[in-house]
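Asker:
Protein chains: 2
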Amino acid sequence: MQALKDRIAAEGQNLGSGILKIDSILNHQIDPKLMFEMGEAMAAVFRGMNVQRILTAEISGICPALTAGYALNVPVVYARKLKPITMAGPVYLETAPSHTKGAQVNLLVAAEFLHPHENVLIVDDFLASGKTLAALARMVRSARANLVGAGVVVEKSFESGRTYMQQQGFDIPIHSLVTITSMDDGKIVMA
Amino acid sequence: MQALKDRIAAEGQNLGSGILKIDSILNHQIDPKLMFEMGEAMAAVFRGMNVQRILTAEISGICPALTAGYALNVPVVYARKLKPITMAGPVYLETAPSHTKGAQVNLLVAAEFLHPHENVLIVDDFLASGKTLAALARMVRSARANLVGAGVVVEKSFESGRTYMQQQGFDIPIHSLVTITSMDDGKIVMA
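From first to last, the protein sequence lines stand for chains Y and V. No gaps in the numbering here: position 137 of the first sequence is 136 in numbering that gives the first Met the number 0, and each next residue is one more. No gaps in the numbering here: position 2 of the second sequence is 1 in numbering that gives the first Met the number 0, and each next residue is one more.
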């Protein structure tokens, strides 16, 4: 997606250790118009697949999931990291390591919002090691829903998340709007 | 906003102690179409006020802020509760009590995303005690920006957040899409 590539080239910062700072676009400040274009671009890829629900993880996955959900006209559910007191009843619980916070984080989805046999598309901000995507995919499997694919805003292909997903048995189409092939030497190299 | 009132009447649950569960609409599952209508309805109120930026707080404020920002075509910034490692440089820091999590939470906005003299609209999911709204308003004041108003999805008027905002010196227009006037006796009474 050229508009997003241009913005990352202009505003992205390589903080080292594979950490990409794009706070001005995705994680802290949001350009709503660009976010809508992202959602539309993601929806365009999966439109023929009868997606019935989008699953994402808070926090940074919420905006691309909302805009993709708007374009596909399907409900969105975002996994919570902390259980709010309004969450009652059974939950699907998975854990994944946080790339930017260090520790393991919980991902919780109320069982009432993931239904058996539904076609679920996972949307997230980053695909790096694939561990968050795999945790979301395990939730879909636990709910006996059908995982039809995953759409991510930025893929860091050098962290081999696609391979990890396959190794975990999730052989699904994955679409990334922008692929970063290297962050060596302080650079941000996009495919 | 009638569509939202209807949904709250159908799906909202009064959990007691003033806690409203509307996870199926706002805090966990999202109906993107309804969320867009909410953003549009909020934007319609503030359209003449030359809004230049929207400020909200993660997590549940993000979706209404994004859709209002889309309708007004202005950038959105959401206050973070934990400092991500991508956040460098000076920040505005305020604290507010969390209604649904108990403890005090930090609200952090990188100084680079709040500019002096900018016209800022605050958007949030709930107006209850007004403490989160006031914390966001203090940030706007610290940044020497102009606070033009606040838009919230659901106001619990019996918790007197408007009065609190005035007592704190924030005499701004506040618009709520739905006002709940009482949650006594397990009911949800809307204006």
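Glycine included, C-beta positions come from ideal geometry on N, C-alpha and C. Fair warning: this is a prediction, and the values are worked out from it, not measured in the lab.
Only counting runs of 3 or more residues, tell me where the beta strand (DSSP E) segments fall wholly within the segment 102 to 168 of chain V, in order along the chain.
Answerer: 103 to 109, 118 to 126, 145 to 155
Asker: Between V:V75 and chain Y, is any beta-carbon pair separated by less than 7 Å?
Answerer: Here the question's residue 75 of chain V lines up with position 76 in the second sequence. Chain Y contact via Cβ: present.
Asker: Assign Y:V75 to one of two classes, buried (16 or more other C-beta atoms within 10 Å of its C-beta) or exposed (fewer than that).
Answerer: Counting from 1 along the first sequence, the entry for residue 75 of chain Y is found at position 76. The residue in question, Y:V75, is buried, as its Cβ has 16 or more Cβ neighbours within 10 Å.
Asker: Which residues of the segment 12 to 42 of chain V have a Cβ closer than 7 Å to any Cβ of chain Y? Give them in chain order.
Answerer: L14, I18, K20, D22, N26, H27, Q28, I29, D30, P31, K32, M34, F35
Asker: For Y:E158, which residues from the same chain have a beta carbon less than 7 Å from its beta carbon, with the 5 sequence-adjacent residues on both sides left out?
Answerer: In the first sequence, residue 158 of chain Y corresponds to position 159, counting from 1. Annotation for Y:E158: G17, A127, S128 place their beta carbon closer than 7 Å to its own, counting only its chain and skipping 5 residues before and after.
Asker: When the cut-off is 7 Å and only beta carbons count, does Y:Y193 lie next to chain V?
Answerer: The question about residue 193 of chain Y has no answer, for chain Y in this structure spans 0 to 190.
Asker: V:Q192 by DSSP, collapsed to three states: which one?
Answerer: Outside the displayed span of chain V (0 to 190) sits residue 192 of chain V, for which this structure offers no information.
Asker: List the residues of chain V that Y:R79 touches, going by C-beta distances under 7 Å, in chain order.
Answerer: The residue labelled residue 79 of chain Y in the question sits at position 80 within the first sequence. Annotation: Cβ neighbours of Y:R79 in chain V (cutoff 7 Å, chain order): H27.
Asker: Give me the subset of the segment 54 to 66 of chain V whose CB atoms are less than 7 Å from a CB atom of chain Y, sorted by chain position.
Answerer: E57, I58, I61, C62, L65
Asker: If I measure Cβ to Cβ from Y:V90 and keep anything under 8 Å in the same chain, skipping five residues before and after, which residues do I get?
Answerer: Counting from 1 along the first sequence, the entry for residue 90 of chain Y is found at position 91. Once the five neighbours on either side are set aside, the close Cβ partners of Y:V90 are K82, L107, V108, A109, A110.
Asker: Looking at V:D22 and Y:T85, is the spacing between their C-beta atoms short of 7 Å?
Answerer: In the first sequence, residue 85 of chain Y corresponds to position 86, counting from 1. In the second sequence, residue 22 of chain V corresponds to position 23, counting from 1. Their beta carbons are under 7 Å apart, which means Y:T85 touches V:D22 by this criterion.
Asker: Quick one: what's got a C-beta closer than 6 Å to V:N13's C-beta in the same chain, skipping five residues either side?
Answerer: Position 14 of the second sequence, counting from 1, holds the residue named residue 13 of chain V. Here the set comprises M182, G185, I187.
Asker: If we define contact as Cβ-Cβ less than 7 Å, is V:G88 a contact residue for chain Y?
Answerer: Position 89 of the second sequence, counting from 1, holds the residue named residue 88 of chain V. No, no contact with chain Y.
Asker: What in chain Y is Cβ-close to V:T85, meaning under 7 Å?
Answerer: If you number the second sequence from 1, residue 85 of chain V lands on position 86. Residues of chain Y passing the Cβ test: L14, I18, K20, D22, N26, T99.
Asker: Taking just the CA atoms, how far does V:I179 sit from V:K155?
Answerer: Position 156 of the second sequence holds residue 155 of chain V. Position 180 of the second sequence holds residue 179 of chain V. Going by the C-alpha atoms only, they are around 5 Å apart.
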